[in-house]
Amino acid sequence: MTARWTTAVRVTGAALVIVLGLAGCGLGEPEEPVPTPTTTVDAPVRGDRSGPPKPDVPLVWPLTGVETEKVAHRPAVSVKVENAVEARPQRGLVEADIVWEEVVEGGISRFVATYHSKIPDAVEPVRSVRPMDPAIVAPLDGILAFSGGQGPFIAATEREGTQTVIMDDGAAGFTRDPGRVAPHNVIGSVPTFLEQADGRRTNPPPAQFEYARTVGEGSAPRAGKPARELDVRLSPAQRSVWTWDPKGKRYLRSEGSVASVAADGRRHAARNVLVLSTFVFNTKWVDPSGAPVPEHRLAGSGGEGTLASMGHSIAVRWSKKNHRAPVVLELPGGKEAQLDPGNTWIELVPR
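Its first residue numbered 88, the sequence shown is counted upward by one per residue in this note's numbering.
Written out as structure tokens, the structure reads:
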């Protein structure tokens, strides 16, 4: 069945409304880091006149831009996390540095949650890999953990240099939650995934975006328009709403009209919300129910986007040269956009 995607963006007064529709298709407060055994590298203090900092020792956490005295010498670990109604509430998303939301079969969404500055004990529920995941995780040169997946998707992930940790292959770090029904009950241990790093990973991972030095100096608050709410409609089955919280200086996530919370009651929130318009097409593969598996085209592609932070949003153009290149965000004047220091959620929306 042919997919028809429509997108409408409307900015009115102090509110940004993003409406993205899918029709006629078969797609159907920051927490303290959890202590984990790891080595650290000293980061030079700003103003130190003993010499310039070494290029491989950042002054900030590379995936958040948040200043720190030490950066853990460990790779990035990404985990596939489910977002069907049966999968909620999830565990571990609050600690993620970056979360990508993507449309899969049936119009529901799944996440790719990436960890480096904070390592949660558990992430749940872990699910399978999808065809756009290689382009998402390849620039990190780290680990992707997932329950399983179709052979071509796994092969593509490994071909781009990412180390895979797969439950179906018997890898350590996966257990079942007796309080949930399969397949929505796979628990992933991020510390155990890290222990399996093959020694060829980039430690620490390379930065994926440009960050302002301090909160409030990013491109959106400096040059954008007020945006109290982002209403992102991925499909008839998934509506992700982000509401500005001035007290916490972050956007709070809702699944439609219902607050999105972790299993322990903490609200899912983001310093930066990045909405990227993508071309989506049905691949030749199908899921067990026979539904075609969709893919967001990222590598060698680009398009329009919106960057929101500190209650403001700004239009951007995004591009990604290839699988292993990070996404580049360009402002209308041609300068690269800067995010505010903090965690980021990325919405991949059908064009």
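Beta carbons are placed, not taken as given, at the ideal position from N, Cα and C, and that holds for glycine.
Under 8 Å by Cβ, that's how I've got VAL367 and HIS383 pegged, so tell me the actual separation to the nearest angstrom. 5 Å
Straight-line Cα distance separating ALA222 from GLU169: 19 Å
CA-CA distance, ARG421 and ALA314? Here residue 421 is Gly; the residue named in the question, Arg, does not match the sequence. Distance between the alpha carbons of GLY421 and ALA314 is about 22 Å.
For GLU49, which residues of its own chain have a beta-carbon under 7 Å away from its beta-carbon, when the five flanking residues on both sides are left out? The chain is shown only over 88 to 438; residue 49 falls outside these bounds and no answer can be derived.
Reducing DSSP to helix, strand and coil, say where ASP427 ends up. coil
Considering just the uninterrupted stretch of the alpha helix (DSSP H) at THR244, what are its terminal residues? 238–246
Kindly indicate which three-state DSSP category PHE296 falls into: helix, strand or coil? coil
Sheet register partners of GLY390 (DSSP bridge): TRP405
Here's the rule I'm using: 16 or more other beta-carbon atoms within 10 Å means buried, otherwise exposed. How should LEU193 be labelled? Residue identity check: residue 193 is Gly in the sequence provided, not Leu. Under this definition GLY193 is a buried residue.
DSSP state of ASP220 mapped onto helix, strand, coil: helix
Assuming contact is defined by CB atoms lying nearer than 8 Å, are VAL436 and PRO218 in contact in what I supplied? no
Which residue comes first and which comes last in the alpha helix (DSSP H) that contains PRO379? Per DSSP, PRO379 belongs to no alpha helix (DSSP H); it is in the beta strand (DSSP E), 379–384.
Beta-carbon separation of TRP187 and ILE433 under 8 Å? yes
Cut-off 8 Å between Cβ atoms - residues of its own chain near VAL153, not counting five sequence neighbours on either side: VAL147, SER204, PRO428, GLY429
For LYS407, count the other beta carbons within 10 Å of its own beta carbon; 16 or more makes it buried, fewer makes it exposed. Which is it? buried
6 Å Cβ shell around THR330 - same chain, five flanking residues per side excluded: GLU316, LEU339
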